[in-house]
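Numbering (full-length UniProt numbering), first residue to last: 1 to 297.
Cβ coordinates follow ideal geometry from the N, Cα and C atoms, glycine included.
All values derive from a computational prediction rather than experimental measurement.
Worksheet for the structure shown next.
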Amino acid sequence: MATAVFVGLSTLDIAYTVASYPQEDTKTQAQDQFLGAGGPAANAAVAYAALSGRTPTLITALGEHQLAHVIRHDLDEYGVAPLDATPGARHRPPISSIVVATAAGTRTIVSLDGSTIAAPFDSTHLGPLNDAEVVLVDGHYPELAFGFASAARARGVPVVLDAGRWRDSHAALLRLVDIAICSAAFAPPHAEPGTEGLFDYLHERGVTSAAITHGAGPIPYSTTGERGTIEVIACPVVDTLGAGDIMHGAFCHYHVAGQAFPEALRSAAGIASLACGSLGTRTWISQLPDTDHPTSA
């Protein structure tokens, strides 16, 4: 049974680790390499699958390009069921090229982010909502985001927004969102500056619970009648690639499991910290404590 639906971007991630970022116009031998499916919605779906032991659905744009089959294989290996919004299409999926500088614990990404791909909403694809207890949208394909968020709202399924950076489509999409987990870069043009201003802006548009991530820094949050801060446990950092995506997927798992908003944030932040300790967006799964391994299949 699918207990979550994730809607948005899938990429093919190719990441290399080096001690420090290379100088321009040089050749550098990498220390290690990671190849796998990426993108906010895809990484979140993998995290949800790893923690819950259940099969979430990923609504995304794949098509029939050879590289799309690599993405499908990786998603299948990690327990995610993709539903292609662009069946039969021959577009090349977005490829993210990533350099991870291990000495600084930073990563640099170059990607098209699906900006050249049209992914239409098809109401015949709404079947996975029948078993969903949460829907996450990352906003990369607006038609898909609006279609699934509207359908989820009509069915009483909570909608979580992964708000990485402001997009014009967010102005209307926020009216369909219950929970917004924002990066520090998320800056609506008409919101008052600062944390309180963003929380007020989101609540005025119907968002009931919100949080703002600041990398390894504390996470301020706001929900009905309560505002506070979640402290993030310090940990060794090798690679921050996908840490925010993993946190969002983990949050969805803990939310479905019944944890209150602040507690689900705290639990999810712990998983994101674990993921930062190794290259890529998958190694952390094998490092989960026994208490975090799923008990259901």
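Other residues of its chain near residue i: CB distance less than 7 Å, five sequence neighbours each side excluded
i      : result
Ile285 : Ala50
Gly197 : Ala191
Gly105 : Val237, Val238, Thr240
Thr224 : Thr208
Leu126 : Ala151
With 16 other Cβ atoms within 10 Å as the buried cut-off, status of residue i
i      : result
Ala154 : exposed
Ala45  : buried
Leu274 : buried
Asn43  : buried
Thr295 : Model confidence at Thr295 stands at a pLDDT of 45, short of 50, so the residue's coordinates are unreliable and nothing is read from them.
Ala152 : buried
His253 : buried
Leu174 : buried
Arg227 : exposed
Leu35  : exposed
Ser267 : buried
Pro193 : exposed
Thr116 : exposed
Ile181 : buried
Pro289 : exposed
Leu112 : exposed
Arg282 : buried
Pro120 : exposed
Ala15  : buried
First and last residue of the uninterrupted alpha helix (DSSP H) at residue i
i      : result
Leu144 : 142-155
Thr195 : 195-204
Arg266 : 261-275
Leu51  : 40-52
Per DSSP, cross-strand counterpart(s) of residue i
i      : result
Arg107 : Val100
Ser183 : Thr213
Asp32  : Thr17
Val5   : Thr57, Val135
Terminal residues of the beta strand (DSSP E) in which residue i lies
i      : result
Tyr16  : 11-18
Ile219 : 219-223
Ala163 : 159-163
Ala81  : 81-84
Residues near residue i by beta carbon distance below 8 Å, same chain, minus five either side
i      : result
Ala172 : Phe146
Gly88  : Gly63, Glu64
Thr195 : Ile212, Pro220
Pro188 : Trp166, His170, Ala171, Leu198, Tyr201
Residue i - DSSP class collapsed to helix/strand/coil
i           : result
Leu62       : coil
Ser115      : coil
Ala297      : Only weak support exists for where Ala297 lies, its pLDDT of 37 falling under 50; the coordinates are left without a value.
residue 311 : Because the chain spans 1 through 297 in this model, residue 311 falls outside it and cannot be assessed.
Glu226      : strand
Thr281      : coil
Leu129      : helix
Ile71       : helix
Ala257      : coil
6 Å CB neighbourhood of residue i in its chain, flanking five on each side removed
i      : result
Asp178 : Pro158, Val159, Thr208
Tyr48  : Ala4, Pro56, Gly249, Cys252, His253
Asp25  : none
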